[in-house]
Structure formats: C-alpha cells, structure tokens
Amino acid sequence: AESPSGATAEAKAGTGGATATSAAEPAQERSLAELPDLSAEVVVAALRRDVNCLTDENRATRRGGAERLRRRLLEDADFLAKGGRDLLPSVLTDSFLAPLARLLNDPAEKCREAGVLFVRAAASALQD
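Just so you know, my numbering puts 104 at position 104 of the sequence shown, and the rest follows in order with no gaps.
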C-alpha cells in the first residue's frame, strides 16, 4: 500500500527489489563535523545506526556499516581537524570493540575485509 508520502510499505520495510538502506545511505551519511557538540557521547549516538549494522543478519549491511564507519569516523578530514581525532581512542574502545571483533570473524570474506580495512584505518588515524 502506498502512504501519503508516496512510499510503499515494501520500500519502507526494505523488502522491495532494491534495498531501502542503499537508497537512503547517501542522505544519512552526514559529516560528523556538522554535529553541534563534538563529545564522545554525541559522536557515538550519531554513529549508532552504523554500529548496529555491524551485527545485522545481512552481510551487505554488515559490510556497508563498516565502510560507512570508516569513512565517517576515520577518513573525514573535516571531522578529524575539528577535534574528532582526540575522540577516537574513547569512541573506538567504548562502542566499537565488540561488534568490530565479531566482524573480523565474520563468515563472509568481504565483511572480514571491511573489518580489517577499518582496523588499519583506525591504527593509522591513532598514530597521526
């Protein structure tokens, strides 16, 4: 059924041919530098959806979550320059350790690869 906004229930539920998350990703991938307050709690809250994706049943969702986290947290020059680099140790250890460890042991090779790329980017960002 179509809602007043024109979206079908299937699209909202993500059960159509194309996944709803892939269509919505670019709009939701905002720079963390745009956050009004750069505290570890606010950054973790802004990344909660992507962190939750790391444990999703769908391997494409797990891989996409790891890739978005890497881009938003570790490769966004504006965020890092605005003080994000100082938050990395607490954000990475407090929020991402368990889901990331599971991703590194994922049955899907692409998910493990995304996890390794995240860890490499994190190690590089923490050394700088």
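C-beta atoms are modelled at their ideal positions from N, C-alpha and C, and glycine is treated no differently. On a predicted model such as this, the values are computed, not experimentally measured, just so you know.
{"Asked": "Beta-carbon spacing of valine 91, valine 43 below 8 Å", "Found": "yes"}
{"Asked": "Three-state secondary structure assigned by DSSP to glutamate 75", "Found": "coil"}
{"Asked": "Cα-Cα separation, glutamate 109 to glutamate 29", "Found": "24 Å"}
{"Asked": "Same chain, Cβ closer than 7 Å to glycine 83, five either side skipped, listed in chain order", "Found": "Leu38"}
{"Asked": "Identity of the residue in Leu87, Glu34, Thr55 nearest alanine 122 by Cα", "Found": "Leu87"}
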